[in-house]
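Participant: Quick one: the structure is below, questions incoming.
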Amino acid sequence: MTHPTQRPGQAPYLRIATEEAFCPSEMLDIYRKILTEPQVDIGFKSLMGFYMSSPSERAQHIMRCLVDLDQVRIGHMDDAGVDMQVIALTSPGVQIMDRDTAVSFAKFANDELAEGVRRHPTRFAGMIAVAPQDPHEAAKEIERGVNHLGMHSVVINSHTHGEYLSDQKFWQIFEAAEAMDTPIYLHPNAMPAGMIQHFIEAGLDGAIYGFGVETGLHALRLITAGVFDRFPKLQVILGHMGEALPFWAYRLDYMHAATVRSNRYPSIKPLKRKPSDYLRENFHITNSGVAWGAALKFTQDFMGPDRVLYAMDYPYQYVLEEVEILERLDMAPQVRQAFFQDNAERLFKIPPAKSAAV
Ligand code: 1DF
Ligand code: MN
7 MTHPTQRPGQ APYLRIATEE AFCPSEMLDI YRKILTEPQV DIGFKSLMGF YMSSPSERAQ
67 HIMRCLVDLD QVRIGHMDDA GVDMQVIALT SPGVQIMDRD TAVSFAKFAN DELAEGVRRH
127 PTRFAGMIAV APQDPHEAAK EIERGVNHLG MHSVVINSHT HGEYLSDQKF WQIFEAAEAM
187 DTPIYLHPNA MPAGMIQHFI EAGLDGAIYG FGVETGLHAL RLITAGVFDR FPKLQVILGH
247 MGEALPFWAY RLDYMHAATV RSNRYPSIKP LKRKPSDYLR ENFHITNSGV AWGAALKFTQ
307 DFMGPDRVLY AMDYPYQYVL EEVEILERLD MAPQVRQAFF QDNAERLFKI PPAKSAAV
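Per the working numbering, the very first residue in the sequence shown carries number 7; after that it's consecutive.
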């Protein structure tokens, strides 16, 4: 099926998709080994164990797309009308690995992605993968990613072996991200073992619901731990329409204040601002997986049009019609241009020369 009006270069702006995944085949080799270990993580098995072994057409298609950084991917972008992808190492990336493997594989994966971007500079941009297992090495990799690989954003797939970045032992990573002016895309991971049981028994642990619950929790933990009081310039990107957090904002503000006032938990401390203020000032949101006008309009109203970006979530949600659905929405031309192009160019520091002509 072709959509001629939807080819790249046919709109008055570029369509830059900002939560797109890849997976070097070498990472699949490591994953295969992890999946044979006796104590394999239940969420990892439910997620990558499924995609790597399912004979279903969807799984096989996703596996073919994930490993490609050339013509397969570019052909799909052309068919969907996507000019440019901002690409990240697929979840859980290196975060399921042991520390040493994770540190060295993050560098390998970043080099591979940088090579892909060099081959197709007008079509691809990349995010820096890091291993939170070693915060010092993660901070160094952020610097290397910016200074040597020309990438200007970081991807972290939510928790790492059940640990959250609200723990101060990880805050070196935020320090580096703030200093290097690299936003952190807080992307979903499979739920940790302590949380997954009630979701997996109902088939709801994955992208259908569990991802959003767990990643939304992670974002809130950063807010309530005071990460943004300590790092006021830090920017975090959330996909999936902000994992529904804008919809929660009113209640979060009321209940956070009420909880602080009543001294209920030592972990809920007074903050300089309201939870919703951090959401609006320290976050950007993409619509990955949600091509739905009412939700997008609400999110743009809440965040402001400069903080909401287009994303497809290729190859997990490769839907040809979505660009057309989004472009049929009643949206002011400058807001549409911000959504598809300008916000991404600014946030990911995509040089205009690079994204000029496809
Ligand atoms: C799925 C969805 C897998 C998303 C992903 O990475 C992912 C899925 C492994 O549908 O199983 O990134 N997602 O972001 O919605
Ligand atoms: Mn995704």
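A virtual CB, placed ideally from N, CA and C, is assigned to each residue, including glycine.
In this text the structure is predicted, and so the values were computed from the model without any measurement.
Bridge partners of F28, per DSSP?
Facilitator: The partner list for F28 (beta bridge, DSSP) reads L95.
Participant: For A144, which residues of its own chain have a beta-carbon under 7 Å away from its beta-carbon, when the five flanking residues on both sides are left out?
Facilitator: Cβ within range, chain order: V136, A137, P138, I179.
Participant: List, from N- to C-terminal side, the alpha helix (DSSP H) runs of 4 residues or more that fit wholly inside the stretch 209-267.
Facilitator: Counting only runs of 4 or more, we get 216-230, 233-236, 246-249, 251-267.
Participant: Identify whether Y191 lies in helix, strand or coil by the three-state DSSP scheme.
Facilitator: Reduced to three states, the DSSP call for Y191 is strand.
Participant: Just the residues with CB closer than 7 Å to a heavy atom of ligand 2, in chain order, which are they?
Facilitator: Per the Cβ criterion, the list is E25, A27, S97, H193, P194, G245, S294, D319, Y322.
Participant: On the criterion of 16 or more Cβ atoms from any shown chain inside 10 Å, does Q340 qualify as buried, or is it exposed?
Facilitator: Q340 comes out exposed.
Participant: Please work out which residues of its chain come closer than 7 Å, Cβ to Cβ, to M201, disregarding the five sequence neighbours upstream and downstream, and give them in chain order.
Facilitator: Excluding positions up to five away in sequence, the list reads E220.
Participant: Going by DSSP, what residue range makes up the alpha helix (DSSP H) through H82?
Facilitator: It spans 77-86 - the alpha helix (DSSP H) in which H82 sits, taken as one unbroken run.
Participant: Here's the rule I'm using: 16 or more other beta-carbon atoms within 10 Å means buried, otherwise exposed. How should F205 be labelled?
Facilitator: Buried, since its Cβ has 16 or more Cβ neighbours within 10 Å.
Participant: Is E43 helix, strand or coil by DSSP?
Facilitator: Coil at E43, not helix or strand.
Participant: Taking the continuous alpha helix (DSSP H) assigned at H67, which residues delimit it?
Facilitator: Start and end: 63-72.
Participant: Do K280 and D259 have their CB atoms nearer than 7 Å?
Facilitator: Cβ distance < 7 Å, so K280 and D259 count as in contact.
Participant: With H, G and I counted as helix, E and B as strand and the rest as coil, what does DSSP make of G151?
Facilitator: In this structure, G151 counts as helix in the three-state DSSP scheme.
Participant: Relative to the alpha-carbon of A317, which residue among S62, R79, L155, V88 has its alpha-carbon at the smallest distance?
Facilitator: Nearest of S62, R79, L155, V88 to A317, Cα basis: V88.
Participant: Taking 6 Å as the cut-off, does the CB of G216 come closer than this to any heavy atom belonging to ligand 1?
Facilitator: Every heavy atom of ligand 1 is 6 Å or more from the Cβ of G216, so no.
Participant: Mind checking which residues open and close the beta strand (DSSP E) that includes I365?
Facilitator: This structure does not reach residue 365, given that the chain is present from 7 up to 364, and the question cannot be answered.
Participant: Look up H167 in the DSSP assignment and say whether it is helix, strand or coil.
Facilitator: DSSP places H167 in coil when its eight states are reduced to three.
Participant: Would you mind sorting T230 into buried or exposed? The rule is 16 or more other CB atoms within 10 Å of its CB.
Facilitator: It is buried - the Cβ of T230 has at least 16 other Cβ atoms within 10 Å.
Participant: Tell me where the beta strand (DSSP E) around H290 begins and ends.
Facilitator: Here the beta strand (DSSP E) through H290 covers 289-292.
Participant: Around the Cβ of F56, are there at least 16 other Cβ atoms within 10 angstroms (buried) or fewer (exposed)?
Facilitator: Under this definition F56 is an exposed residue.
Participant: In three-state terms, what does DSSP make of A115?
Facilitator: The answer is helix: DSSP assigns A115 an H, G or I state.
Participant: Would you say I68 reaches chain B, if we count a Cβ-Cβ gap shorter than 7 Å as a contact?
Facilitator: Of the chains in the structure shown, none is chain B; there is only one protein chain.
Participant: Suppose you measure from the CA of Y324 to the CA of Q91; what does that come to, to the nearest Å?
Facilitator: If I take the Cα positions, the gap works out to 13 Å.
Participant: Where does the unbroken beta strand (DSSP E) through G379 begin, and where does it stop?
Facilitator: Here the chain has residues from 7 to 364 only, and residue 379 is not among them.
Participant: Do the CB positions of M157 and G132 come within less than 7 Å of each other?
Facilitator: Result yes, Cβ atoms of M157 and G132 sit closer than 7 Å.
Participant: Expressed to the nearest angstrom, what Euclidean distance is found between the alpha-carbon atoms of L119 and V233?
Facilitator: When rounded, the distance between both Cα atoms is 29 Å.
Participant: Count the other CB atoms within 10 Å of the CB of R124; is the residue buried (16 or more) or exposed (fewer)?
Facilitator: Under this definition R124 is an exposed residue.
Participant: Is the separation between the beta-carbon of V160 and that of A183 shorter than 7 Å?
Facilitator: In contact: V160 and A183 (Cβ atoms closer than 7 Å).
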